[in-house]
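Heads up, the thing below is written out as structure tokens.
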Amino acid sequence: MSKFNNSGYVRKESIWKKIIQKGLLTWLILLVLWFIASLYYTDDFLPSPLTTLKGAISIVTNGTLKEDVAISLLRVAKGWSLGVAVAVMLGLVVGQFKIFGWILEPFLSFFRFVPAIGLLTLFLMWFGVGEKSKVVLIFYATIFPVMVNTIAGVRAVDTSLVQAAESMGASGIRIFFTVVVPSSIPNIFTGIRLGLSGAIISIVAAEMLASQSGLGYLIYTSRMYYRTDWIFTGILTLGLLGFLADRLLQFLGGRYLKHFGVKI
Amino acid sequence: MYIELKHINKAFGDFKASDDVSFGIEKGRLVGLLGPSGSGKTTILRIIAGLEHQDSGDVFINGKLVNDINASQRGIGFVFQNYALFPYMTVYDNIAYGLKVQKKSRELIKERVRELLKLVELPKLEKRYPEQLSGGQKQRIAFARALAPNPQLLLLDEPFAAIDAKVRQELRTWLKDMITQIGITSIFVTHDQDEAIEITDQIIVTNRGRVEQVGTPMDIYRNPHTPFVARFIGNSTILSEYGRLKGFDADLSKPYGVVRPEYVKVSKYGVIQKYQNALEEGIVKKVTFRGGYTELTVDMNGIELKAIHSLNDEIVSLGEKVNVLIYQIYVFDDTQAYQLINKNLNDSSLYYI
Ligand SMILES: Nc1ncnc2c1ncn2[C@@H]1O[C@H](COP(=O)(O)OP(=O)(O)OP(=O)(O)O)[C@@H](O)[C@H]1O
Ligand SMILES: [Mg+2]
């Protein structure tokens, strides 16, 4: 609106507002605090932002970071997409058909509270130390939030929409695909987003405990070389990746699923 | 009878939402289901549509018993109170829904949707989503969608409830014209008596899950059969001591009376010479200008009632002493209502103002 206002004062105010709104100010303050705090400690204990930047540049230029990021992302992408596909289908069925609900829900409500990391040892035994166990782990971490949200979505479908379809002669199957599924999309989408954060958390933990590669491995092993700056770089990269991935999902959701009621 | 309900009962827990409901509707009629909130109007509509199942009783459509026929097989169009348009579909897809169910060809669907959009006078909106429509537009689209599969019966649940007064008035007339033009048998729910009286051919008055009276709007208005209808219809004032009014004798078996403002004539004190033994005295307690007329509240020795005062009549003001003439009232016992005409008036041409 201030676009139409020629007063410089108002414009300045709106720029500040924007900076605060976008969270830039928060980051700036954190950066300053980090810098001040780092003055009191050695670089091994708490590296300064500048040291961290130098460390980051070194692992970016030698390709280590890129490689680890790529490996972690690939694992997440595999396990997560598989998890989403299975969980959405299962969730739709469980939500819609009472009988599947009765059968699957006790299992669901039990394993929901067992974190993926708790099962890592078992997965390593069953699926080996290679990629398979990691993908299974991500898969496991993804399916619960996606399923739980999908089920909730199906059960929250507006009954008047179902009845409207019914009164126009639609069969049960048609109602399922033309009313239930589209109405559940906002919830499914929320589940998918939650699933992604769960997947990233789990893969990093798994890589720390049982892997020779990936971001988690980088963070974990840097400790042995006293490269606290690399640990910081790894952590920052992790946060940034999660943030970007979620932003990308939100963008896609807002763009293609707007009419299903997905709000960003 | 095209639609017939016979002894329909439906309870939700202990609560009887339909209590021995029976009525019939002829083909091609526009029928209003009128009653206060919670009186069971929606329940009746949903039972007819097959969206709710009665505990006992029969529903016949076109002579056929439909008790065991699913909603999806009944061929009834239903317009929901909240429109229930699919929010994730365009207007076009919403209207096309029922046609796709019927597996009509693409060209046919296209043609029919265009035709309906033209009918509801919104030809340019096919690409819009429901959230991009105004309340009145949603209403029309919901109407078009219900009509698309060519139902034999159209049910509308408070179609104008969420629309503001002005647009509502327009839509009402529009709907009436539309339904008459198509000639489809329709039942529409409302708790607004003006709406029911204005646009329907027949009114079914419901109260506490029961049908109180079935009749033409004129009939319901002029000859209320039950105490409830007498009180509910019109802008009625309840009189507990009607025997005190000149020209009306108290009947102990019918202890209550109601009077409607249009049966009460207020005039300047001393102007009317005739009907001296029917003329009351009163004091004007309230003057409410209603646009086309003025509504007066007069106090007659402790009995307060409302009267319509035409703009052509001489102006009376607050606190003024006036003459009041009551043409007729309704009196009732526990089950029935009766019309009681002021016996001291014998000039019948004066009954209705
Ligand atoms: N599914 C239900 N479960 C329990 N009670 C119900 C149910 N549906 C309706 N009722 C009750 O039955 C009564 C009649 O409801 P109904 O919806 O038919 O009323 P209505 O006349 O349409 O009212 P309104 O004008 O407020 O829409 C109400 O008291 C309501 O609370
Ligand atoms: Mg209702």
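Just so you know, the sequences run in chain order A and B. Just so we're aligned: 1497 in the working numbering is position 20 of the first sequence, and the numbers increase by one with no gaps anywhere. Just so we're aligned: 36 in the working numbering is position 15 of the second sequence, and the numbers increase by one with no gaps anywhere. Glycine included, C-beta positions come from ideal geometry on N, C-alpha and C. Here the structure is a predicted model, which means the values were calculated and not measured.
CB of Pro-248 (chain B) within 7 Å of CB of Phe-353 (chain B), strictly: Residue numbering aside, residue 248 (chain B) sits at position 227 when the second sequence is read from its first letter. Residue numbering aside, residue 353 (chain B) sits at position 332 when the second sequence is read from its first letter. Yes, they are a contact pair.
Interfacial residues, the stretch 1636 to 1658 of chain A to chain B, with Cβ spacing under 8 Å: Per Cβ criterion, the list reads Ser-1637, Leu-1638, Gln-1640, Ala-1641, Ala-1642, Glu-1643, Ser-1644, Met-1645, Gly-1646, Ala-1647, Ser-1648, Arg-1651, Thr-1655, Val-1656.
CB contact below 7 Å: Lys-1480 (chain A) versus chain B: Mapped onto the first sequence, residue 1480 (chain A) falls at position 3. Low local confidence applies: a pLDDT of 48 at Lys-1480 (chain A) is under 50, so the model's placement there is unreliable, with the coordinate-based value given in what follows. Chain B contact via Cβ: absent.
Cut-off 7 Å between Cβ atoms - residues of its own chain near Val-1565 (chain A), not counting five sequence neighbours on either side: Residue mapping note: residue 1565 (chain A) aligns to position 88 of the first sequence, counting from 1. Here Val-1565 (chain A) has Val-1623, Thr-1627, Ile-1665 as same chain residues with Cβ atoms under 7 Å from its own Cβ, once five neighbours each way along the sequence are excluded.
Opening and closing residue of the beta strand (DSSP E) in which Tyr-314 (chain B) lies: Position 293 of the second sequence holds residue 314 (chain B). Boundaries of the beta strand (DSSP E) around Tyr-314 (chain B): 314 to 321.
Closer than 8 Å at the beta carbon, the chain D residues around Ile-116 (chain B): This model lacks chain D altogether, as its protein chains are A and B.
Bridge partners - Ser-331 (chain B), DSSP secondary structure assignment: As a working note, residue 331 (chain B) is residue 310 in the second sequence. Ser-331 (chain B) is bridged by DSSP to B:Tyr-314.
Per-residue contacts from Gly-119 (chain B) into chain A (C-beta, under 7 Å): Position 98 of the second sequence, counting from 1, holds the residue named residue 119 (chain B). In chain order: Met-1645, Gly-1646.
Extent of the continuous alpha helix (DSSP H) to which Ile-116 (chain B) belongs: Position 95 of the second sequence, counting from 1, holds the residue named residue 116 (chain B). In this chain, the alpha helix (DSSP H) harbouring Ile-116 (chain B) covers 112 to 122.
Which of helix, strand or coil DSSP assigns to Tyr-104 (chain B): The sequence position of residue 104 (chain B) within the second sequence is 83, counting from 1. Tyr-104 (chain B): strand per DSSP, three-state reduction.
Residue from B:Lys-295, B:Val-345, B:Gln-94 with nearest C-alpha to Pro-170 (chain B): For the purposes of this step, residue 170 (chain B) is identified with residue 149 of the second sequence, where counting begins at 1. Its Cα nearest to that of Pro-170 (chain B), the residue B:Gln-94 stands out among B:Lys-295, B:Val-345, B:Gln-94.
Ala-299 (chain B) vs Lys-267 (chain B) beta-carbon contact at 7 Å: In the second sequence, residue 299 (chain B) corresponds to position 278, counting from 1. In the second sequence, residue 267 (chain B) corresponds to position 246, counting from 1. Contact flag set, yes.
Sub-7 Å separation of Gly-78 (chain B) and Ala-92 (chain B) beta-carbons: In the second sequence, the residue the question calls residue 78 (chain B) occupies position 57. In the second sequence, the residue the question calls residue 92 (chain B) occupies position 71. No, they are not a contact pair.
Buried or exposed (CB count within 10 angstroms, at least 16 for buried), Lys-1480 (chain A): What you label residue 1480 (chain A) is simply residue 3 of the first sequence in a count that begins at 1. Bear in mind that the predicted position of Lys-1480 (chain A) carries a pLDDT of just 48, short of 50, making it unreliable; the figure below should be weighed with that in mind. Using a 10 angstroms sphere on the CB of Lys-1480 (chain A), the tally of other CB atoms stays under 16, which defines it as exposed.
Straight-line gap, Gly-156 (chain B) to Val-141 (chain B) (C-alpha atoms, nearest Å): Numbered from 1 along the second sequence, position 135 holds the residue referred to as residue 156 (chain B). Numbered from 1 along the second sequence, position 120 holds the residue referred to as residue 141 (chain B). Looking at the two C-alpha atoms, the distance is approximately 14 Å.
Beta-carbon spacing of Gly-53 (chain B), Lys-62 (chain B) below 7 Å: Taking the first residue of the second sequence as position 1, residue 53 (chain B) is located at position 32. Taking the first residue of the second sequence as position 1, residue 62 (chain B) is located at position 41. Against a cut-off of 7 Å, the Cβ pair of Lys-62 (chain B) and Gly-53 (chain B) comes out as no contact.
Chain-order list of residues whose beta-carbon lies under 8 Å from that of Gly-204 (chain B) (same chain, five-residue window excluded): Looking up residue 204 (chain B) in the second sequence gives position 183. Result list for Gly-204 (chain B): Gly-49, in chain order.
Separation of Ile-1741 (chain A) from Arg-1724 (chain A), as counted between CA atoms: What you label residue 1724 (chain A) is simply residue 247 of the first sequence in a count that begins at 1. What you label residue 1741 (chain A) is simply residue 264 of the first sequence in a count that begins at 1. About 9 Å.
Host alpha helix (DSSP H) of Ser-39 (chain B) (start-end): Reading the second sequence from its first residue, position 18 is the one you call residue 39 (chain B). Annotation for Ser-39 (chain B): no alpha helix (DSSP H) segment contains it, though the beta strand (DSSP E) segment containing it runs 36 to 46.
Opposing strand residues paired with Tyr-351 (chain B) [DSSP bridges]: As a first step, residue 351 (chain B) must be located in the second sequence, where it is residue number 330. DSSP, once it has assigned bridges, lists B:Val-279, B:Gln-360 as partnering Tyr-351 (chain B).
Counterpart residues of Phe-33 (chain B) in DSSP-defined beta bridges: Against the second sequence, residue 33 (chain B) aligns to sequence position 12. DSSP, once it has assigned bridges, lists B:Phe-36 as partnering Phe-33 (chain B).
Assumed close pair Tyr-1617 (chain A), Leu-1601 (chain A) - CB separation to whole angstroms, cut-off 8 Å: Within the first sequence, numbered from 1, the residue matching residue 1617 (chain A) stands at position 140. Within the first sequence, numbered from 1, the residue matching residue 1601 (chain A) stands at position 124. Beta-carbon to beta-carbon, Tyr-1617 (chain A) and Leu-1601 (chain A) are separated by about 13 Å, too far to satisfy the 8 Å threshold.
C-beta atoms of Gln-214 (chain B) and Ile-184 (chain B) nearer than 7 Å: In the second sequence, counting from the first residue as 1, residue 214 (chain B) sits at position 193. In the second sequence, counting from the first residue as 1, residue 184 (chain B) sits at position 163. Taking 7 Å as the Cβ cut-off, Gln-214 (chain B) and Ile-184 (chain B) do not qualify as a contacting pair.
Cβ contact check for the stretch 122 to 140 of chain B and the stretch 96 to 105 of chain B: 3 or more pairs under 8 Å: The stretch 122 to 140 of chain B, when compared against the stretch 96 to 105 of chain B, does not touch it at the 8 Å Cβ threshold.
Near ligand 1: Ala-1618 (chain A) beta-carbon under 6 Å from a heavy atom: If you number the first sequence from 1, residue 1618 (chain A) lands on position 141. Ala-1618 (chain A) Cβ: outside cutoff for every heavy atom of ligand 1.
Three CB pairs or more closer than 8 Å across the stretch 1528 to 1539 of chain A and the stretch 1706 to 1715 of chain A: Touching, yes, given that three or more Cβ pairs across the two stretches are closer than 8 Å.
Where the stretch 1570 to 1593 of chain A meets chain B: residues whose CB sits under 7 Å from a CB there: Against chain B - using a Cβ distance shorter than 7 Å - the stretch 1570 to 1593 of chain A contributes no residues.
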